[in-house]
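S.K.: Next up is a structure, given as structure tokens.
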Amino acid sequence: MTDNRNTILAVILSGLVLIAWQYFYNVPQMEKQRAQQQAQSELQKTTPQPTASATPGAAPQAGSAAQPSTPAASQQGQPVVARDAAIAASPRVKIDTPRIAGSISLKGGRIDDIALVQFRETVDPKSPPIILYSPSGTAEPYYAEFGWVAATGVTAKMPDAQTVWQQDGSGSLTPTSPVVLKWDNGDGLTFRRTIAVDDHYLFTIKDEVSNVGNSPVTLYPFALISRHGAPQVSGYYILHEGLIGYLGDQGLQEYAYKKVDEAKQVNFNNVTNGWLGITDKYWASALLPDTNAKLQARFSSNPSGNLHTYQTDYLLEPVTVAIGGTAAANARLFAGAKEAGVVGVFPFAGLGGYNKELGLNHFDLLIDWGWFYFITKPMFLGLDFFYRLFGNFGISILLVTVIVKLLFFPLANKSYASMAKMKSIQPQLQALKERYPDDKVKQQQEMMEIYRKEKINPVAGCLPVVIQIPVFFSLYKVLFVTIEMRQAHFYGWIKDLSAPDPTNLFNLFGLIPFDPTTIPVFGHYLALGIWPIIMGITMWFQMKLNPTPPDPTQQIIFNWMPLIFTFMLAGFPAGLVIYWAWNNLLSVVQQSYIMRRNGVKVELFDNLKATFAKKAT
């Protein structure tokens, strides 16, 4: 009876606690969230995208006020406006820094014109610079916008995409000269925006609003990045391209374009010390609010026609501007190349960048280091260190390969020593075959007894290859995702270590004016450059250095493996193929030395002669 009474009492007390929590905490929180959702809804309404008019170069017309509209390409009967024409259609403030060229549109106050002048589309230095941002109405609109959203019940006119701001003074936006934009709503509110930029890719925006009206107003500061249409992505599972953010305790959030299409909208509430944006393989755009600011963040995809508008945005806590008072909100925008030293990878290596300077929360994850970041990042650090010494990433790859070989020398030493012993017992194994020609089971039993007596591990020969796998993957990741490797030269014909060898055996390395890879169905297999061939030869040498496997099936596999790997790696980045070829050559030297030290004859050249003798016969 006492137990039942205690149980009933516990249930009643639990119910009272739940009711009290609901009344004193949950209800106010729900009201607060409802107000924030209302403000986010207003934010969605205040960011309409102008669409192009029928005449290229004409002033754009307002789009739908309910949802951000898609670029003109998705509107029936409306052609896409050329980028230059769209830029010329509105008054602008020029952006002029060592790394960025572009402009800020006074219509809407948007940062919507950015070209990264230090990076070119191809290895030709005269090719066009990389275009990051483009205005609405062009083929690929992409821009950042900042401002205020009126709280529920506020009827004051707010600046929107059609508002034409006035520049206070004149001149361009440079690292030493910020620009100031102003707009008066004619009803007591004056908006002032100060935009500064550093000598890399960071914009700092300060929005101020002063109130000389008849009543106080409550406003929500906002910032957004909008991109119209999903861009062409690499499509590799080892690389994330799409919406990204590190949102406080919720950690890293990565949404590919298809994933956010399915979700339509993803909200992250009460985020502190977060950042969010949109990332490509080498370029990115990210909002970097103050680390102590509390924000309501969001990823969204808004369909219109055949395209979607992708947006990352956030709302800050509401600000009430008293009569005669002024309120301010700060924002930051990263728009540029994902350089390791700029983003912030290793504070102790001089690569702290914005991550350290601004106290950001894992901003280095803007670069997709992958699950094996503990291998990938040190690999990049080593490559970058030697690049700073020698000025060539190809030389860095060769030197890092030597260091990796030295680090794993003890393990490789055991492996090659075991292989040397395997070589020395070949006569015994051959005698077993002759003694038990029809009894495979007996052969295996006697063979294992010999292995045990001689302390030989028959699978030790696989160890060098197993060791290479994490190194190979980390180097491949570094070559694939880091912009430092993009268009990095080696020597001779290798102008880009992150791209496949441009030569091709099947057109006699350019002597025949024909591209074999354009042949339908199997053309993509006909890409075999000089470095993949060198890699295949070095791998063949390494295979010939090893003892011939007793099993005929294994012999066939080992004989064909160099050719298979040659074609497999032909489409990989040239830097990776150079690494593999150099690693094979070092392995041949290392294995030969260990075999001699163990008293085993190095029969590389004998095996090569025997191979060609068999073919001649």
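Its first residue numbered 2, the sequence shown is counted upward by one per residue in our numbering.
For glycine and all other residues, C-beta sits at the position ideal for the given N, C-alpha and C.
Predicted model, so just to flag it, every value in this text is computed and none were measured.
(1) Just to confirm my understanding: we take Trp532, look at its own chain, exclude 5 residues before and 5 after, and list those with CB closer than 7 Å. What are they?
(2) Got a sec? Which residues, its chain only, sit under 6 Å from Asp387 by beta carbon, not counting five neighbours each side?
(3) Over the uninterrupted beta strand (DSSP E) stretch that includes Asp385, give me the two end residues.
(4) Please name the residue, chosen from Ser91, Asn414, Gly230, Gly214, that lies closest to Gly306 on a Cα-to-Cα basis.
(5) Exposed or buried, Ala285, counting other C-beta atoms within 10 Å across all chains shown (16 or more means buried)?
(6) Just the C-alpha distance for Pro142 and Ser178, rounded to the nearest angstrom, thanks.
(7) Over the uninterrupted alpha helix (DSSP H) stretch that includes Pro533, give me the two end residues.
(8) In angstroms with no decimal places, state the Cα-to-Cα distance between Lys259 and Gly275.
(9) Can you pull the DSSP bridge partners for Ala116?
(10) So, for Ala197: in the same chain, excluding its five sequence neighbours on each side, which residues have a beta-carbon less than 6 Å away from its beta-carbon?
(11) When you compare only the Cα positions, how much space is there between Glu242 and Lys443?
(12) In angstroms with no decimal places, state the Cα-to-Cα distance between Leu476 and Val234.
(13) Go ahead and label Leu174 buried or exposed: buried means 16 or more other beta carbons lie within 10 angstroms of its beta carbon, across all protein chains shown.
(14) Can you give the Cα-Cα distance for Ala287 and Leu334, rounded to whole angstroms?
(15) Where do the ends of the beta strand (DSSP E) carrying Trp184 lie?
(16) Can you have a look at Arg597 and say buried or exposed, based on whether 16 or more other CB atoms are within 10 angstroms of its CB?
(17) Could you name the residues of the same chain whose beta carbon sits closer than 8 Å to that of Gln167, not counting the 5 residues immediately before and after it, in chain order?
(18) Mind checking whether Leu359 and Leu253 have CB atoms under 9 Å apart?
(19) Check Asp250 in the structure and name its three-state DSSP category.
(20) Given this structure, state the Cα-to-Cα distance separating Lys415 from Lys422, to the nearest angstrom.
(21) Residue range of the alpha helix (DSSP H) that Tyr311 falls in?
(22) With respect to the alpha helix (DSSP H) encompassing Gln429, which residues constitute its N-terminal and C-terminal limits?
(23) Of the residues Thr153, Pro160, Thr139, which one's Cα is nearest the Cα of Phe147?
(24) Please state the DSSP three-state secondary structure of Lys282.
(25) Which whole-angstrom value is the C-beta distance of Thr1 and Asn585, which I expect to be below 8 Å?
(26) Per DSSP, what are the beta-bridge partners of Trp581 in this structure?
(27) How about Ala257 and Leu244: do their beta carbons lie closer than 9 Å?
(28) What do you reckon, are the CB atoms on Thr164 and Gly109 nearer than 9 Å?
(29) Just verifying my parser: in three-state terms, what is the DSSP assignment at Val320?
(30) How far does the beta strand (DSSP E) with Ile398 in it extend, from its first residue to its last?
(31) With distances taken from CA atoms, which of Phe573, Trp494, Gly537, Phe349 is nearest His525?
(32) Over the uninterrupted beta strand (DSSP E) stretch that includes Gly371, give me the two end residues.
(33) Residues in the same chain with beta-carbon distance under 6 Å from Trp95, minus the five sequence neighbours each way, listed in chain order, please.
(34) For my contact list, Ile226 and Thr139 are in at a C-beta cut-off of 8 Å; report their separation, rounded to the angstrom.
(35) For Asn505, name the three-state secondary structure that DSSP assigns.
(36) From the DSSP output, which residues share a beta bridge with Ile96?
M.R.: Considering the structure as presented:
(1) In the sequence shown, counting from the first residue as 1, residue 532 sits at position 531. Taking C-beta separations shorter than 7 Å and ignoring five residues to either side along the sequence, the partners of Trp532 in its chain run Asp502, Ala575, Val578, Ile579, Ala582, following chain order.
(2) As a first step, residue 387 must be located in the sequence shown, where it is residue number 386. Here the sequence assigns Phe to residue 387, which means Asp is not the residue at that position. So the qualifying residues of the chain are Ser397, Leu400.
(3) Counted from its first residue, the sequence shown places residue 385 at position 384. Careful: Asp385 lies outside any beta strand (DSSP E), inside the alpha helix (DSSP H) at 374-391.
(4) Position 305 of the sequence shown, counted from the first residue, corresponds to residue 306. Here the closest residue by C-alpha is Gly230.
(5) Here residue 285 is taken as the residue at index 284 of the sequence shown, counted from 1. With 16 or more Cβ atoms within 10 Å of its Cβ, Ala285 is classed as buried.
(6) One-based indexing of the sequence shown puts residue 142 at position 141. One-based indexing of the sequence shown puts residue 178 at position 177. Those two C-alpha atoms are separated by around 27 Å.
(7) Against the sequence shown, residue 533 aligns to sequence position 532. Counting along the chain, the alpha helix (DSSP H) containing Pro533 begins and ends at 531-546.
(8) Counting from 1 along the sequence shown, the entry for residue 259 is found at position 258. Counting from 1 along the sequence shown, the entry for residue 275 is found at position 274. Taking the straight line joining both Cα atoms gives about 23 Å.
(9) As a working mapping, residue 116 is identified with position 115 in the sequence shown. According to DSSP, Ala116 bridges with Ala102, Ile132.
(10) Taking the sequence shown and counting its residues from 1, the one referred to as residue 197 is at position 196. These residues qualify, in order along the chain: Pro179, Thr205.
(11) Here the question's residue 242 lines up with position 241 in the sequence shown. Here the question's residue 443 lines up with position 442 in the sequence shown. Cα to Cα, Glu242 sits roughly 57 Å from Lys443.
(12) As a first step, residue 476 must be located in the sequence shown, where it is residue number 475. As a first step, residue 234 must be located in the sequence shown, where it is residue number 233. Distance between the alpha carbons of Leu476 and Val234: 21 Å.
(13) Locating residue 174 in the sequence shown gives position 173, where the first residue counts as 1. Leu174 should be labelled buried.
(14) Residue mapping note: residue 287 aligns to position 286 of the sequence shown, counting from 1. Residue mapping note: residue 334 aligns to position 333 of the sequence shown, counting from 1. The C-alpha of Ala287 lies about 6 Å from the C-alpha of Leu334.
(15) Locating residue 184 in the sequence shown gives position 183, where the first residue counts as 1. Start and end: 180-185.
(16) Position 596 of the sequence shown, counted from the first residue, corresponds to residue 597. Around the beta carbon of Arg597, a 10 Å sphere encloses fewer than 16 other beta carbons of the protein chains shown; the residue is thus reported as exposed.
(17) Counted from its first residue, the sequence shown places residue 167 at position 166. Leaving aside the five residues that flank Gln167 on each side, the residues in its chain whose CB is nearer than 8 Å to its CB run, in chain order, Leu107, Leu182, Lys183, Trp184.
(18) By 1-based counting over the sequence shown, the position of residue 359 is 358. By 1-based counting over the sequence shown, the position of residue 253 is 252. When the beta-carbon positions are compared, Leu359 and Leu253 stay at least 9 Å from each other.
(19) As a working note, residue 250 is residue 249 in the sequence shown. Here Asp250 carries a helix assignment [DSSP, helix/strand/coil].
(20) Against the sequence shown, residue 415 aligns to sequence position 414. Against the sequence shown, residue 422 aligns to sequence position 421. One alpha carbon belongs to Lys415, the other to Lys422, and they sit about 11 Å apart.
(21) Within the sequence shown, numbered from 1, the residue matching residue 311 stands at position 310. Note, Tyr311: premise wrong, no alpha helix (DSSP H); beta strand (DSSP E) at 308-317.
(22) Within the sequence shown, the letter at position 428 stands for residue 429. Following the DSSP letters along the chain, one finds Gln429 inside the alpha helix (DSSP H) bounded by residues 427-436.
(23) Working through the sequence shown from its first residue, we reach residue 147 at position 146. Of Thr153, Pro160, Thr139, the residue nearest in Cα terms is Pro160.
(24) Here residue 282 is taken as the residue at index 281 of the sequence shown, counted from 1. DSSP places Lys282 in coil when its eight states are reduced to three.
(25) Past the edges of the chain, shown from 2 to 618, lies residue 1, and the structure says nothing about it.
(26) On the sequence shown, position 580 is the one that residue 581 refers to. Trp581 is not bridged to any residue.
(27) As a first step, residue 257 is located in the sequence shown; it is residue number 256 there, counting from the start. As a first step, residue 244 is located in the sequence shown; it is residue number 243 there, counting from the start. Judged by their CB atoms, Ala257 and Leu244 are nearer to each other than the 9 Å cut-off.
(28) Residue mapping note: residue 164 aligns to position 163 of the sequence shown, counting from 1. Residue mapping note: residue 109 aligns to position 108 of the sequence shown, counting from 1. Cβ distance < 9 Å, so Thr164 and Gly109 count as in contact.
(29) Your numbering for residue 320 matches position 319 in the sequence shown. Three-state DSSP puts Val320 in a strand.
(30) Here residue 398 refers to the residue found at position 397 of the sequence shown. Careful: Ile398 lies outside any beta strand (DSSP E), inside the alpha helix (DSSP H) at 394-408.
(31) Counting from one through the sequence shown, the residue named residue 525 turns up at place 524. Checked all of Phe573, Trp494, Gly537, Phe349; the closest Cα to His525 is Phe573.
(32) In the sequence shown, the residue the question calls residue 371 occupies position 370. Run containing Gly371: none; DSSP gives neither H nor E here.
(33) As a first step, residue 95 is located in the sequence shown; it is residue number 94 there, counting from the start. It should be noted that the sequence gives Lys, not Trp, for residue 95. Excluding positions up to five away in sequence, the list reads Ser104, Ser173.
(34) Here residue 226 corresponds to residue number 225 of the sequence shown, with the count starting at 1. Here residue 139 corresponds to residue number 138 of the sequence shown, with the count starting at 1. So it is not a contact: roughly 16 Å between Cβ atoms.
(35) Position 504 of the sequence shown holds residue 505. In the displayed model, Asn505 falls within coil according to three-state DSSP, outside both helix and strand.
(36) Position 95 of the sequence shown, counted from the start, is the residue given in the question as residue 96. Residue pairing by DSSP places Ile96 opposite Gly103, Leu174 in a beta bridge.
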